[in-house]
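Be aware that the sequence shown starts at 0, since it is given in numbering that gives the first Met the number 0, and climbs by one per residue.
Glycine included, every Cβ here is placed at the ideal spot set by N, Cα and C.
It should be emphasised that the depicted structure is a prediction, and the values quoted were computed from it without experimental measurement.
Single-structure report; data block below.
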Amino acid sequence: MPSVVEYKGLKAGYHCGYCDSKEGKASCGMWAHSLTVQDYQELIDRGWRRSGKYVYKPVMNQTCCPQYTIRCRPLQFQPSKSHKKVLKKMLKFLAKGEISKGNCEDEPMDSTMEDAVAGDFALINKLDIHCDLKMLSDDLQRSLESEEKIEKNSKKEDSNEFIQPQAIEEKLGSGEPSHSVKTHTVPKPGKGADLSKPPCRKAKEIRKERKRLKLMQQNPAGELEGFQAQGELPSLLPPKAKSNQPKSLEDLIFESLPEDASHKLEVRVVRSSPPSSQFKATFQESYQIYKRYQMVIHKDPPDKPTVSQVRLVPVSFEDPEFKSSFSQSFSLYVKYQMAIHQDPPDECGKTEFTRFLCSSPLEAENPPNGPDCGYGSFHQQYWLDGRIIAVGVIDILPYCVSSVYLYYDPDYSYLSLGVYSALREIAFTRQLHEKTSQLSYYYMGFYIHSCPKMKYKGQYRPSDLLCPETYVWVPIEQCLPSLENFKYCRFNQDPEAVDEGRSKEPDRLQVFYKKAILPYGVYKRQLKDPREEAAVLQYASLVGQMCSERMLLFRS
0 MPSVVEYKGL
10 KAGYHCGYCD
20 SKEGKASCGM
30 WAHSLTVQDY
40 QELIDRGWRR
50 SGKYVYKPVM
60 NQTCCPQYTI
70 RCRPLQFQPS
80 KSHKKVLKKM
90 LKFLAKGEIS
100 KGNCEDEPMD
110 STMEDAVAGD
120 FALINKLDIH
130 CDLKMLSDDL
140 QRSLESEEKI
150 EKNSKKEDSN
160 EFIQPQAIEE
170 KLGSGEPSHS
180 VKTHTVPKPG
190 KGADLSKPPC
200 RKAKEIRKER
210 KRLKLMQQNP
220 AGELEGFQAQ
230 GELPSLLPPK
240 AKSNQPKSLE
250 DLIFESLPED
260 ASHKLEVRVV
270 RSSPPSSQFK
280 ATFQESYQIY
290 KRYQMVIHKD
300 PPDKPTVSQV
310 RLVPVSFEDP
320 EFKSSFSQSF
330 SLYVKYQMAI
340 HQDPPDECGK
350 TEFTRFLCSS
360 PLEAENPPNG
370 PDCGYGSFHQ
380 QYWLDGRIIA
390 VGVIDILPYC
400 VSSVYLYYDP
410 DYSYLSLGVY
420 SALREIAFTR
430 QLHEKTSQLS
440 YYYMGFYIHS
450 CPKMKYKGQY
460 RPSDLLCPET
470 YVWVPIEQCL
480 PSLENFKYCR
490 FNQDPEAVDE
500 GRSKEPDRLQ
510 VFYKKAILPY
520 GVYKRQLKDP
530 REEAAVLQYA
540 SLVGQMCSER
550 MLLFRS
């Protein structure tokens with residue numbers, strides 16, 4: 000089925016929830032009766048975004064708070080320290096069930112391996128190594144004494160080192176590398192490395208060796224228990240160099256848990272439109288989580304609205320005012336439905352929940368070369384010990400996973416589920432890429448630099464922002480200096496560059512009129528109102544040539 004859209008035009012001069020401007024917001028919107036995933040991919044690559052079946056595009060050079068489409072590049076993504084902290088917190092919760100609920104985002108990082116040296120070794124399995132403990136202890140003692148002598152001698156020699164200021168100045172003035180400015184005295188005959196002695200080691204390694212020896216002497220029966228806590232063998236040879244390769248995102252997420260783990264977390268992806276059998280079976284439970292989330296997280300004071308408080312807000316969960324006032328507006332809607340239409344209260348809530356977070360204009364597609372789950376709209380459900388605690392609403396498109404919304408059980412807010420779900424969605428994108436190579440981006444909605452609460456999306460690096468004039472992607476690092484000075488920016492630095500996908504032949508635009516599909520060149524002959532032509536041409540300029548030819552513009 001082709002895409003069918005109904006263009007609603009420009010809405011300007013309404014309240015902005017980001018900066019609290021009374022009349023600063025401006026956007027264009029259309030109602031999507033149906034959308035192919037390819038058409039929606041083209042639209043979001045031109046700055047459009049959906050909320051339910053309503054698709055909108057901010058007018059970037061007019062709106063008070065420009066909203067730039069942002070995408071992350073998951074294939075190059077490396078989690079930051081704060082991301083790792085959230086993932087470690089979840090692993091700790093799953094393994095031991097120990098989380099300080101009053102200290103969510105600001106709790107310190109886990110202790111390092113060195114801090115765990117003096118831990119409880121009684122829980123560690125014994126190493127199956129057969130050797131003479133006394134012989135090993137004697138060898139260790141001789142090794143340590145020998146290294147102490149070497150360390151003392153080296154300190155004496157270090158004291159003879161000096162820096163020649165004149166030599167430094169000559170190096171700096173000559174343009175030669177100045178890293179070899181420290182001058183050593185000529186070593187005395189016979190001095191140097193003695194290959195018959197153990198190689199030199201750092202003082203910290205020597206201290207750790209002493210710790211091993213002390214543990215072995217104190218605990219002869221389980222003499223080697225302590226070594227496994229360090230992941231090391233009791234060897235007189237220097238320890239092998241540790242790998243500097245950082246853990247991947249998957250290593251951090253899917254780290255193995257003990258058999259007696261306190262909790263079990265499972266993530267399921269279910270198709271929401273059209274609703275799959277799994278989605279239908281879990282609808283009620285998912286809806287109850289959403290209802291609690293809206294009441295607890297986005298609660299609004301029950302002030303009675305007056306005529307002067309009437310505001311026009313966009314129907315989008317990206318808009319903070321719509322999000323914050325949703326509960327109050329929704330309560331009024333429920334009262335209306337119950338009083339006027341005698342609807343049961345819970346049915347009213349389900350209707351709104353379905354309209355915004357379950358209904359989607361995207362047509363489900365399952366091509367053989369696509370991901371196993373297919374393309375379209377899905378709910379990514381987070382199951383903890385057999386019950387749903389969070390749901391991520393996502394769209395899977397030909398080139399990306401697009402995040403729509405997240406709601407979760409407020410009782411588990413201490414797990415930083417917003418950050419955790421974003422990291423899981425990035426990992427999910429990487430997983431889909433293995434089967435479908437062109438699917439390699441993670442879209443996070445809009446980045447609003449002028450709103451501090453919306454700048455967090457820039458922390459998922461590497462990421463790109465969409466140029467609002469030429470619709471090319473520019474690394475966010477190149478965009479930030481301009482955004483510090485101006486709210487609206489053209490990111491493409493080529494002054495000659497233009498929108499390559501712009502509408503060049505509007506007469507080829509497809510119009511769905513009186514149950515017939517007509518090229519715009521034919522349809523415009525029937526027009527009597529010049530405003531209709533202006534609206535159609537505005538639509539064509541916003542969706543671009545390709546979408547205007549493929550999508551059907553419904554006109555009544």
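Beta-carbon separation of residue i and residue j under 8 Å?
i: Tyr374; j: Ile43; result: no
i: Tyr39; j: Leu438; result: no
i: Ser276; j: Phe377; result: no
i: Gly500; j: Tyr470; result: yes
i: Pro467; j: Gly46; result: yes
i: Gln422; j: Leu86; result: A quick correction: the sequence has Leu, not Gln, at residue 422. Yes, the Cβ-Cβ distance between Leu422 and Leu86 is below 8 Å.
i: Val269; j: Gln430; result: no
i: Gln66; j: Pro73; result: no
i: Ile388; j: Tyr419; result: no
i: Leu541; j: Glu532; result: no
i: Thr428; j: Pro370; result: no
i: Ala426; j: Leu248; result: yes
i: Cys372; j: Cys64; result: no
i: Ser20; j: Tyr55; result: no
i: Leu93; j: Leu361; result: no
i: Lys88; j: Ser412; result: no
i: Tyr634; j: Lys349; result: Lying before the first or after the last residue shown, residue 634 is absent from the chain, which here runs from 0 to 555.
i: Glu424; j: Ile393; result: yes
i: Ile252; j: Val390; result: no
i: Asn491; j: Val510; result: no
Going by the DSSP bridge assignment, what does residue i pair with across the sheet?
i: Gln380; result: Arg267 and Val390
i: Leu517; result: Val510
i: Trp47; result: Paired residues: none, contrary to the question.
i: Pro474; result: Asp463
i: Phe553; result: Phe511
i: Phe282; result: The partner list for Phe282 (beta bridge, DSSP) is empty, contrary to what the question assumes.
i: Lys56; result: Cys27
i: Tyr419; result: DSSP lists no partner for Tyr419.
i: Phe445; result: Thr68
i: Val3; result: Ser33 and Leu551
i: Tyr404; result: Val392
i: Phe364; result: The question names Phe, but residue 364 in the sequence shown is Glu. Answer is Tyr374, bridged to Glu364.
i: Leu9; result: Cys27
i: Cys399; result: Tyr440
Output needed for residue i: all residues of its chain with C-beta closer than 6 Å, excluding positions within five of it in sequence on either side, in chain order.
i: Glu169; result: At Glu169, the pLDDT of 35 sits below 50, so the modelled position is not reliable and the matter cannot be decided from this model.
i: Cys399; result: Tyr440 and Tyr442
i: Gly12; result: Glu22
i: Tyr459; result: Cys71
i: Phe76; result: Ile425
Just mark residue i as buried or exposed, buried being the case when its beta carbon has 16 or more other beta carbons within 10 Å.
i: Gly28; result: buried
i: Ser255; result: exposed
i: Glu41; result: buried
i: Met0; result: exposed
i: His82; result: buried
i: Arg211; result: buried
i: Gln283; result: exposed
i: Pro78; result: buried
i: Pro273; result: exposed
i: Gly520; result: exposed
i: Gly385; result: exposed
i: Lys84; result: buried
i: Ile162; result: Bear in mind that the predicted position of Ile162 carries a pLDDT of just 40, short of 50, making it unreliable; the figure below should be weighed with that in mind. Its Cβ having fewer than 16 others within 10 Å, Ile162 is exposed.
i: Gly8; result: exposed
i: Gln544; result: buried
i: Lys24; result: buried
i: Ser555; result: exposed
Ordered along the chain, which non-local residues of its own chain (more than five positions away) have a Cβ less than 8 Å from that of residue i?
i: Pro409; result: Arg291, Tyr292, Val295 and Ile296
i: Leu479; result: His448 and Gly457
i: Ile69; result: Tyr442, Met443, Gly444, Phe445, Tyr446, Lys456, Gly457, Ser462, Asp463, Leu464, Leu465 and Ile475
i: Asn365; result: Gly373 and Tyr374
i: Ile98; result: Lys88, Lys91, Phe92, Tyr413 and Leu414
With a threshold of 7 Å on Cβ separation, who are the neighbours of residue i within its own chain once the five nearest residues in sequence on each side are excluded?
i: Tyr6; result: Met29, Ala534, Tyr538 and Leu552
i: Gly432; result: Gly is not the amino acid found at residue 432; the sequence shown has His there. Result list for His432: Leu74, Leu438 and Ser439, in chain order.
i: His262; result: Phe92, Leu93, Gly96, Leu383 and Asp384
**OP:** Give a yes or no on contact between the segment 533-552 and the segment 34-52, applying the rule of three or more CB pairs nearer than 8 Å.
**Re:** Per the Cβ contact rule, the segment 533-552 is in contact with the segment 34-52 (3 or more Cβ pairs under 8 Å).
Original post:
Does the pairing of the segment 477-486 with the segment 499-517 give three or more beta-carbon distances under 8 Å?
Top reply: No, the segment 477-486 does not touch the segment 499-517.
**OP:** Taking 8 Å as the threshold, find out whether the segment 44-53 comes into contact with the segment 355-367 through three or more Cβ pairs.
**Re:** Short answer: they touch.
**OP:** Please confirm if the segment 491-505 is in contact with the segment 535-546, defined as three or more CB-CB distances below 8 Å between the two stretches.
**Re:** In this structure the segment 491-505 lies against the segment 535-546, because at least three pairs of beta carbons, one per stretch, are closer than 8 Å.
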